[in-house]
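Inspection log for the structure reproduced underneath, given as C-alpha cells.
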Amino acid sequence: MKFLIINGPNLNLLGSREPDIYGTGTYETLCRRVQDYAAAHGWEADCFQSNHEGVIIDTIQQAAGVYDGIVINPAAYTHYSYAIYDALRAVDVPAVEVHLSNIRQREPFRQISVTAPACRGQIVGHGFDGYLEALVLLAEGL
C-alpha cells in the first residue's frame, strides 16, 4: 500500500512553533517516524507539506491512481477550506484527517472542521501517533 501524508500551513515549523501545544518533535522527525512505521508494515509513505491552499489541492488531485490512501492535516485550512473539502471528495482516494492537538478542546474557531466530512475518519490529540493510527485505519479499509 502507498500513502500520501499531506501537512498544511505552518507544520514545517513543528518543534519551534508553540511546543506546549504541538510538542517539540520537528517536521522532519514526524516524516521519518511515519515513513519508518510504514516501511515496517510493508507500506510506502510520501510526506508533503505546503503553506499554500492551491498547492495542497493540486496534490490531492494528483493522488488519484497513485496512492491507496491520504492522511491529511489541513492545519488552519481545516476550519474554512471548502476547496480542500471539494478536492478530497473529488478523488477516489480514502482519507483520514489528523490533528496533533485535540481541536475539540481549543479555541471555538478551531473546533470546527469543514474538511472532516470529506474524510473517512478523524484523529485528534494523539500527537505524532495520530498519523500512525491513520495509516492503520486506511490499511484496514476503515
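According to this note's numbering, the sequence shown is numbered sequentially starting from 30. For every residue, glycine included, the Cβ atom is placed at its ideal position computed from N, Cα and C.
- Checking the DSSP bridge columns, you'll see V125 partnered with V100, G150.
- For A112, the CB contacts under 7 Å within the same chain, skipping 5 residues up- and downstream, are E82, I86 in chain order.
- Comparing alpha carbon positions, the residue from P137, D115, I99 closest to I35 is I99.
- With a beta-carbon spacing of about 7 Å, A105 and G37 fall inside the 8 Å limit used to define contacts.
- Beta-bridge pairing by DSSP links N36 to Q78, N102.
- Classified as buried, P103 has 16 or more neighbouring CB atoms from the shown chains inside 10 Å of its CB.
- L59 is a Cβ neighbour of F157, given a cutoff of 8 Å.
- Bridge pairing for E73: K31 [DSSP].
- In this structure, L161 lies near V63, with their beta-carbon atoms less than 8 Å apart.
- Between R135 and L129, the alpha-carbon positions lie close to 12 Å from each other.
- Around the CB of S110, 16 or more other CB atoms lie within 10 Å, so the residue is classed as buried.
- For E162, the uninterrupted alpha helix (DSSP H) segment begins and ends at 158-168.
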